[in-house]
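Here is the structure we will look at.
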Amino acid sequence: MAEPGTRPRIGIVCGSRSDFPVMEKAVDMLGKLDVPCELHAISAHRAPDLLLRFVAGAEERGIRVFIAGAGGAAHLPGVVASKTVLPVIGVPIATQVGGGLDSLLSIVQMPKGIPVATVAVGGAENAALLAAEILALADPALRARLVAFRAAQTRAVEEDESNADLRG
Ligand code: RP5
Numbered sequence: 001m002a003e004p005g006t007r008p009r010i011g012i013v014c015g016s017r018s019d020f021p022v023m024e025k026a027v028d029m030l031g032k033l034d035v036p037c038e039l040h041a042i043s044a045h046r047a048p049d050l051l052l053r054f055v056a057g058a059e060e061r062g063i064r065v066f067i068a069g070a071g072g073a074a075h076l077p078g079v080v081a082s083k084t085v086l087p088v089i090g091v092p093i094a095t096q097v098g099g100g101l102d103s104l105l106s107i108v109q110m111p112k113g114i115p116v117a118t119v120a121v122g123g124a125e126n127a128a129l130l131a132a133e134i135l136a137l138a139d140p141a142l143r144a145r146l147v148a149f150r151a152a153q154t155r156a157v158e159e160d161e162s163n164a165d166l167r168g
């Protein structure tokens, strides 16, 4: 999360506090990459005016990319995208009814004109990585941290005990 006095660069929003366990994975990933962010629970249907206020003030607060998580009808990411030209990444949240396939189809099927980049069901870490990659286009230091993250990830696989006999 953004430290007091630091401007958040990624705005994370989800439809309910029940989505926090998934969306907090995005917060953790952005923390590892040293990218300040903010996290809000704002339902698009229970508090539409607050959601629009959140989006309208975002650029001025420092936000450059949104991550929006929702389950079920999952209209939140599309509503956010409809009110901004900042990139919006949608995270489908798993549900009791459709296991998240319902949320995935709702978010990924945005009609033309208003895009929402959609990650896997529960894919909050990838949403964070993609958001960081977008910021890194204009931030060489962040790009270097992403490259280091990838290298560490590769090293962890190579150093896994199951691969001992494959080491060069
Ligand atoms: C959506 O409905 C939320 O994104 C959440 O995934 C789902 C259930 O919300 P609650 O009933 O837990 O508030 O709006």
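Okay, so the sequence shown: first residue is 1 according to the numbering used here, each after it adds one.
Note that the Cβ used here is the ideal one computed from N, Cα and C, for glycine as well.
Tell me which residues share the same chain as residue i and place their Cβ nearer than 7 Å to its Cβ, disregarding the 5 neighbours each side in the sequence.
i: Pro171; result: Coverage of the chain is limited to positions 1 through 168, which leaves residue 171 absent and any answer about it impossible.
i: Val27; result: Met1, Ile12, Cys37 and Leu39
Which of helix, strand or coil does DSSP assign to residue i?
i: Ala117; result: strand
i: Glu3; result: coil
i: Val55; result: helix
i: Leu33; result: coil
i: Lys83; result: coil
i: Ala47; result: coil
i: Asp28; result: helix
i: Leu137; result: coil
i: Met23; result: helix
i: Ser16; result: coil
i: Glu60; result: helix
i: Pro111; result: coil
Name the DSSP beta bridge partners of residue i, please?
i: Pro92; result: Ala70
i: Gly11; result: Glu38 and Phe66
Please tell me whether, using a cut-off of 8 Å, the distance from the CB of residue i to the nearest non-hydrogen atom of the ligand SAM is below it.
i: Cys37; result: Inclusion of the ligand SAM in the displayed structure is not the case, the ligand content consisting of the ligand RP5 alone.
For residue i and residue j, I'd like the C-alpha separation in whole angstroms.
i: Arg155; j: Ile12; result: 30 Å
i: Ser177; j: Ala73; result: The structure shown has nothing for residue 177, since the chain only spans 1 to 168.
i: Ile42; j: Leu101; result: 22 Å
i: Ile67; j: Gly168; result: 40 Å
i: Gly15; j: Arg46; result: 9 Å
i: Pro77; j: Arg61; result: 19 Å
i: Phe54; j: Met110; result: 21 Å
i: Leu166; j: Arg145; result: 28 Å
i: Val22; j: Pro92; result: 10 Å
i: Pro4; j: Ala138; result: 24 Å
i: Thr95; j: Asp19; result: 10 Å
i: Val108; j: Ala151; result: 30 Å
Looking only at its chain, what residues have a beta carbon closer than 6 Å to the beta carbon of residue i, apart from the 5 residues adjacent to it on each side?
i: Val85; result: none
i: Met29; result: Glu125 and Ala128
i: Thr6; result: Pro36
i: Ala44; result: Leu51, His75, Leu76 and Val79
i: Ala117; result: Ile89
Below 8 Å CB to CB, which residues in the same chain sit around residue i once its five sequence neighbours on both sides are set aside?
i: Asn163; result: Val157
i: Leu142; result: Leu33, Asp34, Val35, Ala132, Leu135 and Ala136
i: Gly99; result: Val121
i: Arg17; result: Ala41
i: Glu59; result: Thr84 and Leu86
i: Glu38; result: Met1, Ala2, Pro8, Ile10, Gly11, Ile12, Arg61 and Ile63
i: Ser103; result: Ala70, Gly71, Gly72, Ala74, Pro92, Ile93, Ala94, Thr95 and Val121
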